[in-house]
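Position one of the sequence shown corresponds to residue 2 (this note's numbering), numbered consecutively onward. Every residue gets a Cβ at the ideal spot worked out from N, C-alpha and C, and that includes glycine. Everything numeric in this text was worked out from a predicted model, so none of it was measured. One structure is given here, and the rest of the page talks about it.
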Amino acid sequence: MSGRRTRLAAYLDQRRRMGEPGIVPGGLAPGELLKLIGERVEAEKSVAAEKRARPRSTGPKAEADPKLSASRIANADYEDLHNAAMACTRCRLAEGRKTVVFSDGNPAGRLMVVGEAPGAHEDASGLPFVGQAGKLLDLMLASVALSRKDSVYICNVLKCRPPGNRNPMPDEIEACAPLLKRQIELVAPEVLLAVGSFAAQWLTGSTKALGRLRGEVYSYQGVPLVVTYHPAALLRNPGWSRLAWEDLQLLCRIMDSK
Ligand code: URA
2 MSGRRTRLAA YLDQRRRMGE PGIVPGGLAP GELLKLIGER VEAEKSVAAE
52 KRARPRSTGP KAEADPKLSA SRIANADYED LHNAAMACTR CRLAEGRKTV
102 VFSDGNPAGR LMVVGEAPGA HEDASGLPFV GQAGKLLDLM LASVALSRKD
152 SVYICNVLKC RPPGNRNPMP DEIEACAPLL KRQIELVAPE VLLAVGSFAA
202 QWLTGSTKAL GRLRGEVYSY QGVPLVVTYH PAALLRNPGW SRLAWEDLQL
252 LCRIMDSK
């Protein structure tokens with residue numbers, strides 16, 4: 002366990018024992034979350050500047066791979082699905098990736114978090130949300146007493162990194178969608194949390210901006226769905242962290258009612 006995790010765990014235990022008002026049992030106070038988010042902003046600024054400087058590639062059109070048909074994916078068990086994803090060449094992103102980023106966390110977890118796509122750190126490690134945005138995601142989850150170790154399963158709309166961290170393209174999302182769809186069926190979470198507009202729009206089927214989607218409970222194939230800002234967006238816009246906190250409270254209310 003890292004020093005930060007140890008300190009956080011000790012902090013949470015202390016708060017839990019104190020039963021401090023206004024704090025989610027086992028979680029952080031809203032002000033504490035805002036402070037932690039603020040601390041991340043400076044570190045993220047240089048990463049964001051570097052990202053903006055990179056050229057945007059459009060690339061050729063994605064092509065379906067007959068070796069990995071949608072019907073094979075739709076009928077896969079978890080292991081087959083994982084293996085199929087690891088060998089996937091359904092779109093152009095297979096050419097530039099180092100690894101396929103399938104998931105992290107507990108497949109038996111109550112909550113499934115769906116993000117956008119792997120970045121450089123995720124592509125190198127094979128795990129989702131391990132960079133700066135991932136650290137903030139872990140803090141957000143800890144603020145409501147959730148962790149990828151125990152209660153959360155994490156994946157992305159795209160399993161491979163778009164070059165230069167550009168936005169996912171519609172045909173890439175379409176090519177990858179059968180994997181995510183089957184992943185959700187097999188994990189069968191109690192609740193879904195979409196972070197960022199790509200996950201939120203795919204899961205809700207809406208094209209509305211995230212700011213207009215958040216604040217409501219949706220249903221994805223019968224699974225309650227909450228949407229919130231992507232942690233990378235929160236790092237760039239710390240003023241949104243109070244809204245993200247409210248989204249997490251909404252998530253908690255749903256989980257508490259289960
Ligand atoms: N952003 C995402 O949406 N997913 C990751 O895995 C990392 C960063």
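Residue i beta carbon near the ligand URA (any heavy atom closer than 6 Å)
i: ALA134; result: yes
i: ASN157; result: yes
i: PHE130; result: yes
i: PRO119; result: yes
i: GLY116; result: yes
i: GLU217; result: no
i: GLU123; result: yes
DSSP state of residue i mapped onto helix, strand, coil
i: SER220; result: strand
i: ALA195; result: strand
i: GLY165; result: helix
i: LEU128; result: coil
i: MET113; result: strand
i: VAL188; result: helix
i: THR100; result: coil
i: LEU159; result: coil
i: LEU1; result: There is simply no residue 1 to check, as the chain begins at 2 and stops at 259 in what is shown.
i: PRO179; result: helix
i: TYR230; result: coil
i: ASP81; result: helix
i: ASP257; result: helix
i: ASP151; result: coil
i: GLY106; result: strand
i: PRO171; result: helix
i: PRO239; result: helix
CB-CB length for residue i against residue j, believed under 8 Å
i: LEU252; j: VAL145; result: 7 Å
i: LEU235; j: ALA245; result: 6 Å
i: ALA274; j: ARG183; result: Absent from the structure is residue 274, since the part of the chain shown begins at 2 and ends at 259.
i: LEU181; j: VAL158; result: 6 Å
i: CYS161; j: ALA95; result: 6 Å
i: LEU137; j: PRO239; result: Not quite, the Cβ-Cβ distance comes to about 10 Å (not below 8 Å), so this is no contact.
i: GLY216; j: TYR154; result: Not a contact, Cβ separation roughly 24 Å.
i: PRO171; j: LEU112; result: That belief does not hold up - the Cβ atoms of PRO171 and LEU112 are roughly 27 Å apart, past 8 Å.
i: ALA85; j: ARG73; result: 7 Å
i: SER70; j: GLY110; result: SER70 to GLY110, Cβ: 29 Å. No contact.
i: ALA201; j: LEU214; result: 5 Å
i: ILE255; j: VAL196; result: Wrong, their Cβ atoms sit about 16 Å apart, outside the cutoff.
i: LEU211; j: SER198; result: 4 Å
i: GLY223; j: PRO164; result: So it is not a contact: roughly 36 Å between Cβ atoms.
i: GLU173; j: CYS92; result: 5 Å
Any non-hydrogen atom of the ligand NAD closer than 6 Å to residue i Cβ
i: PRO171; result: In the structure shown, the ligand NAD is absent; the only ligands present are the ligand URA.
Proximity test, Cβ basis, 7 Å: residue i and chain B
i: LEU94; result: Note that chain B does not occur in the displayed structure, where there is just one protein chain.
Exercise. Check whether the segment 73-82 touches the segment 117-124, counting contact only when three or more Cβ pairs, one atom from each stretch, lie closer than 8 Å.
Key: no
Quiz item: Are the segment 224-234 and the segment 195-210 touching, with three or more C-beta to C-beta distances below 8 Å?
Solution: yes
Exercise. For the segment 124-133 and the segment 170-179, state whether three or more C-beta atom pairs, one from each stretch, are separated by less than 8 Å.
Key: no
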